[in-house]
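Residue numbers (this note's numbering): 549 to 1088. Only one structure is covered here, and it is reproduced in the block below.
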């Protein structure tokens, strides 16, 4: 009886979350449509839109493929080499791109890949006179792989670490080689994660705005997201912006549905819960191959951060740290990031649990299947709602009630929580599925539920993915510029907004120093998300 009541409360809360998401997005879209009467949408399918649609699909597809191909050997190397010196810092470095504003990361990439960057200087020293250009499709691909390869690698690594330790002992007893282990043990775990990871990376690349605007190099490298921004910022044509957003949802939604049906059903193996110990990465050849991939990933991800650090150290950091404006911006960033991260993690955990409850019913009808499908779709499609559309819609909605700045923090918190939801869902969903498969029947047979189950069963088993998801959401909110760009002012100045303002006023030294401070804060957050990694690696 208690379990049934608890399940009903969980489903009701998830229904409220889903309704809140739909209402928040729907009201913003309605406000934009009501603002202007006619126009824009009639010219939706002109030559320019077809061109940006083709380019959007091309760059997103190539970025996804390159990110996935790069992340598989990197995640496998991190899983096989569980105790090398500096592994914990490698994991923290892989989480840093999520927390940096895209504009800051673009500046770091230009320092490495630009015309006067490290790579072209090295090529010139070798006598090569044709420099590599960071602008255009090549630069967009480099930037997207820089952001998304570490994310994909972290998610794959989490899946590999959930493989029961009995599998590794069996593979060692059978004398399986590296290729056989990858085929029969690792690949099934990675294959189940690929559709979700690929869908997430594709959406991030398809909805990329700042990177395309900075590194695109002109109209020939524009995307649908840029066209939406132009429709609102320069033409103020809300119908066209909404129509473009709908086109973006249809295109990426079709791909996500295809990936969902391609995904194999999850396979959860029984385990005794002992510490994992792998035997396949001990040979000199395995260490050499894994080391090469890890060094390549370290250089690819670390060099832009090193460039940011070098530029930041040239600023007057002591003066910046002592500025009241920086103190206010830091306080505003934390005040927005903390509640948005908590809301995002709570919503994701609640909706994942509700989806499993609905699909586990013996007599589930069409409403149950539709509700479960809507929950799964909402955690992905929310990423397709451009923050500029949501922010502009709520700005128009709140304007009749007086000073919009009074409501701005709450709107930014809500937008950041929704934007982090897909990331949090990708981290928590596989971990919660594995945890439920291993503990669900035993907890039910013992009658453990409610707070006691949360304290004694769920928290010990899910602490690590929950901390990782929370740190992801916190870093994303701290580094966000899109949501606060419309509401930013002296009263609501976050660190990214202050950084952007300093760049706009050509105070590049201050901007570099703020970028370094933001990167250090994100490093602290990644330390939170990797809590416990060091101890586990030592036991392995």
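All C-beta atoms in this analysis are idealised placements derived from N, C-alpha and C, irrespective of residue type, glycine included. All figures in this text were calculated on a predicted structure; none of them were measured in a lab.
Residue i versus residue j: straight-line alpha-carbon distance, rounded
i: residue 566; j: residue 1047; result: 34 Å
i: residue 1070; j: residue 572; result: 29 Å
i: residue 761; j: residue 868; result: 28 Å
i: residue 719; j: residue 845; result: 28 Å
i: residue 726; j: residue 826; result: 11 Å
i: residue 740; j: residue 945; result: 42 Å
i: residue 515; j: residue 664; result: Residue 515 cannot be examined here, being either before or after the span of the chain that is shown, 549 to 1088.
i: residue 574; j: residue 917; result: 23 Å
i: residue 967; j: residue 831; result: 43 Å
i: residue 588; j: residue 786; result: Confidence is the limiting factor: at residue 588 the pLDDT is only 47, short of 50, which leaves the residue's position unreliable, though a coordinate-based value still follows. One C-alpha to the other measures close to 7 Å.
i: residue 981; j: residue 1013; result: 12 Å
i: residue 705; j: residue 619; result: 9 Å
i: residue 586; j: residue 578; result: Any reading at residue 586 needs caution, since the residue's pLDDT is 48, under 50, leaving its predicted position unreliable; the model's value is listed next. If you take the alpha carbons of residue 586 and residue 578, they lie about 14 Å apart.
i: residue 594; j: residue 600; result: 10 Å
i: residue 841; j: residue 920; result: 39 Å
i: residue 622; j: residue 872; result: 42 Å
i: residue 554; j: residue 1002; result: 13 Å
i: residue 983; j: residue 870; result: 46 Å
i: residue 847; j: residue 681; result: 19 Å
i: residue 687; j: residue 645; result: 16 Å
i: residue 628; j: residue 1008; result: 24 Å
i: residue 556; j: residue 1054; result: 56 Å
i: residue 939; j: residue 576; result: 8 Å
Identity of the residue in the options nearest residue i by Cα
i: residue 864; options: 982, 1065, 737 and 764; result: 1065
i: residue 854; options: 596, 641, 573 and 559; result: 641
i: residue 1056; options: 560, 652 and 627; result: 652
i: residue 772; options: 805, 934 and 787; result: 934
i: residue 835; options: 594, 555, 1016 and 626; result: 626
i: residue 890; options: 570, 1059, 616 and 1020; result: 1020
i: residue 1027; options: 970, 878, 945 and 1054; result: 878
i: residue 695; options: 955, 680, 882 and 643; result: 643
i: residue 650; options: 672, 946, 856 and 937; result: 856
i: residue 1010; options: 871, 1023, 993 and 985; result: 985
i: residue 604; options: 862, 1053, 753 and 737; result: 753
i: residue 597; options: 717, 872 and 788; result: 788
i: residue 563; options: 947, 926 and 833; result: 926
i: residue 874; options: 600, 941, 645 and 1058; result: 1058
i: residue 742; options: 613, 941, 1068 and 1054; result: 613
i: residue 778; options: 757, 763, 798 and 797; result: 757
i: residue 862; options: 1062, 602, 828 and 798; result: 1062
i: residue 843; options: 1054, 721, 686 and 633; result: 633
i: residue 602; options: 655, 799 and 576; result: 799
i: residue 606; options: 699, 692 and 638; result: 692
i: residue 907; options: 892, 924 and 638; result: 924
i: residue 711; options: 738, 700 and 940; result: 738
i: residue 616; options: 828, 744, 697 and 721; result: 697
i: residue 638; options: 948, 699, 876 and 728; result: 699
i: residue 728; options: 828, 576 and 948; result: 828
Any C-beta of chain C under 7 Å from that of residue i
i: residue 694; result: In the displayed structure, chain C is absent; only one protein chain is listed.
Neighbourhood of residue i by C-beta, 8 Å cutoff - its chain only, sequence neighbours within 5 removed
i: residue 803; result: 747 and 750
i: residue 732; result: 719 and 724
i: residue 662; result: 668 and 682
Close-in-space but distant-in-sequence residues of the same chain around residue i (CB under 7 Å, 5 per side omitted)
i: residue 734; result: 624 and 708
i: residue 884; result: 957, 960, 961, 964, 1025 and 1042
i: residue 561; result: 898
i: residue 1005; result: 987, 991 and 996
i: residue 552; result: none
i: residue 806; result: none
i: residue 702; result: 642 and 643
i: residue 1075; result: 640
i: residue 1068; result: none
i: residue 775; result: 597, 600 and 792
i: residue 955; result: 946
Rounded distance between the beta-carbons of residue j and residue i, thought under 8 Å
i: residue 689; j: residue 610; result: 6 Å
i: residue 971; j: residue 801; result: Residue 971 to residue 801, Cβ: 18 Å. No contact.
i: residue 1089; j: residue 1017; result: Because the chain here runs from 549 to 1088, residue 1089 falls outside it and cannot be looked at.
i: residue 660; j: residue 886; result: Not quite, the Cβ-Cβ distance comes to about 33 Å (not below 8 Å), so this is no contact.
i: residue 905; j: residue 569; result: Incorrect: roughly 19 Å between the Cβ atoms, too far for contact.
i: residue 679; j: residue 666; result: Actually they do not touch by this definition, with Cβ atoms about 12 Å apart.
i: residue 654; j: residue 763; result: 6 Å
i: residue 892; j: residue 969; result: 5 Å
Other residues of its chain near residue i: CB distance less than 6 Å, five sequence neighbours each side excluded
i: residue 895; result: 565
i: residue 859; result: 1060
i: residue 608; result: 750, 753 and 754
i: residue 656; result: 852, 855 and 856
i: residue 716; result: 826
* Any 3 or more C-beta pairs closer than 8 Å across the segment 983–993 and the segment 959–967 -> At 8 Å Cβ cutoff, the stretches do not touch.
* Contact between the segment 970–985 and the segment 889–905: three or more CB pairs below 8 Å? -> Three or more pairs of CB atoms, one per stretch, sit closer than 8 Å, so the segment 970–985 contacts the segment 889–905.
* Asked: Do the segment 933–951 and the segment 784–799 make contact, defined as three or more Cβ pairs closer than 8 Å?
  -> The segment 933–951 vs the segment 784–799: in contact.
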